[in-house]
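Residue numbers (my numbering), protein chains in the order written: chain A, 1 to 115; chain B, 1001 to 1115. Ideal Cβ positions, reconstructed from N, Cα and C, are used throughout, including at glycine. For clarity, every value in this text was computed on a predicted model and none was experimentally measured. Okay, so here's the structure we're looking at.
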């Protein structure tokens, strides 16, 4: 069964631009979570979607937003990009809301570089 | 304020010896703990977990110990193998609003197993 697919794998954007990242979860998984990974900060939780509804949100500014479609695919959008937004953005899918056991599977991530 | 801390950014161990990775947490509401392993250019993969009702969980070469009074957990890998070289993330989960749970990750420890 196909894993979690994130596109694109790499992205270079200029300050002030906006960007949209995509995540296709494992077939049958309805929950998608997004994380930001930066050196020394670990994985910072962005938000989680289940059945097209945002169920949890981390401590990020409103420039970071997301949505989930009826087929469970999810997109994450960052507007007015800042240099500090350069990071690896990871998506994880699971069968139900929340991640508490082995059912969370991560994609390979999208490496965003803001110049 | 980091609720989950991995104070050692890196650790080097000789092949065949024991690797001990440490993690401290501050939130007493955390009741489920996980370790993830991450290779470069890949997403994190689940390794082992432990519920707060236990103080030890073992899976092959991997054992996780939980000391609730000290708010400390550790991952032991015995014997260490070169293929274990990766970044290890500690994560903790607490029940949040509704029925959703949220994972809080540490900043990771780079383990290098020397042949």
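Option in B:1029, B:1015, B:1031, B:1044 with minimal Cα separation from residue 1107 of chain B: Counted from its first residue, the second chain places residue 1107 of chain B at position 107. For the residues B:1029, B:1015, B:1031, B:1044, the minimum Cα distance to residue 1107 of chain B belongs to B:1044.
Grouping DSSP H, G and I as helix and E and B as strand, with all else coil, what is residue 1024 of chain B? Your numbering for residue 1024 of chain B matches position 24 in the second chain. Strand, per DSSP.
Where residue 115 of chain A and residue 13 of chain A are concerned, what is the direct C-alpha to C-alpha distance, given to the nearest angstrom? Within the first chain, residue 115 of chain A is the residue found at index 115, counting from 1. Within the first chain, residue 13 of chain A is the residue found at index 13, counting from 1. The straight-line gap from Cα to Cα measures roughly 6 Å.
Is residue 66 of chain A buried or exposed, if buried means 16 or more other CB atoms sit within 10 Å of its CB? The residue given as residue 66 of chain A occupies position 66 in the first chain. Residue 66 of chain A comes out buried.
Is it buried or exposed, residue 83 of chain A, if we count other Cβ atoms within 10 angstroms and call 16 or more buried? Counting from one through the first chain, the residue named residue 83 of chain A turns up at place 83. Exposed is the call here.
Please confirm whether residue 86 of chain A has its beta-carbon closer than 8 Å to some beta-carbon of chain B. Along the first chain, one-based indexing puts residue 86 of chain A at 86. Chain B, which has no Cβ nearer than 8 Å to the Cβ of residue 86 of chain A, makes this no.
Given that a residue counts as buried once 16 or more other Cβ atoms are within 10 Å of its Cβ, and exposed if not, what is residue 1007 of chain B? Residue mapping note: residue 1007 of chain B aligns to position 7 of the second chain, counting from 1. Exposed: under 16 other Cβ atoms inside 10 Å.
Quick check on residue 1058 of chain B - is its C-beta less than 8 Å from some C-beta in chain A? By one-based count along the second chain, residue 1058 of chain B stands at place 58. Chain A contact via Cβ: absent.
Going straight from the alpha carbon of residue 47 of chain A to that of residue 1036 of chain B, what length do you get? Position 47 of the first chain, counted from the start, is the residue given in the question as residue 47 of chain A. Position 36 of the second chain, counted from the start, is the residue given in the question as residue 1036 of chain B. Their backbone Cα atoms lie some 19 Å apart in a straight line.
Can we count residue 1073 of chain B as close to the ligand COA, meaning its CB is less than 7 Å from some heavy atom? Absence of the ligand COA is noted for the structure shown, with no ligands found whatsoever.
What's the call for residue 1102 of chain B, buried or exposed, on a 16-neighbour Cβ count within 10 Å? Along the second chain, read from residue 1 onward, the residue named residue 1102 of chain B stands at position 102. Residue 1102 of chain B comes out buried.
Looking at the structure shown, is residue 1059 of chain B part of a helix, part of a strand, or coil, going by DSSP? The residue given as residue 1059 of chain B occupies position 59 in the second chain. Residue state, collapsed to three classes: strand.
Through-space distance from residue 1115 of chain B to residue 1088 of chain B, alpha-carbon basis: Counted from its first residue, the second chain places residue 1088 of chain B at position 88. Counted from its first residue, the second chain places residue 1115 of chain B at position 115. Spanning the two alpha carbons is a distance of roughly 19 Å.
Length of the line joining the Cα atoms of residue 26 of chain A and residue 15 of chain A: On the first chain, residue 26 of chain A is found 26 positions in, with the first residue counted as 1. On the first chain, residue 15 of chain A is found 15 positions in, with the first residue counted as 1. So the alpha carbons of these two residues sit roughly 33 Å apart.
At which residue ranges does the stretch 12-46 of chain A contain complete beta strand (DSSP E) runs of 3 or more residues, listed in the order of the chain? 19-24, 31-38
Expressed to the nearest angstrom, what Euclidean distance is found between the alpha-carbon atoms of residue 1016 of chain B and residue 1113 of chain B? The residue you call residue 1016 of chain B lines up with position 16 of the second chain. The residue you call residue 1113 of chain B lines up with position 113 of the second chain. Taking the straight line joining both Cα atoms gives about 9 Å.
Assigned exposure category for residue 56 of chain A - 16 Cβ within 10 Å defines buried: Looking up residue 56 of chain A in the first chain gives position 56. Buried, since its Cβ has 16 or more Cβ neighbours within 10 Å.
Looking at chain B, is there any beta carbon in it that lies within less than 8 Å of the beta carbon of residue 69 of chain A? By 1-based counting over the first chain, the position of residue 69 of chain A is 69. Judged by the 8 Å Cβ criterion, residue 69 of chain A is not in contact with chain B.
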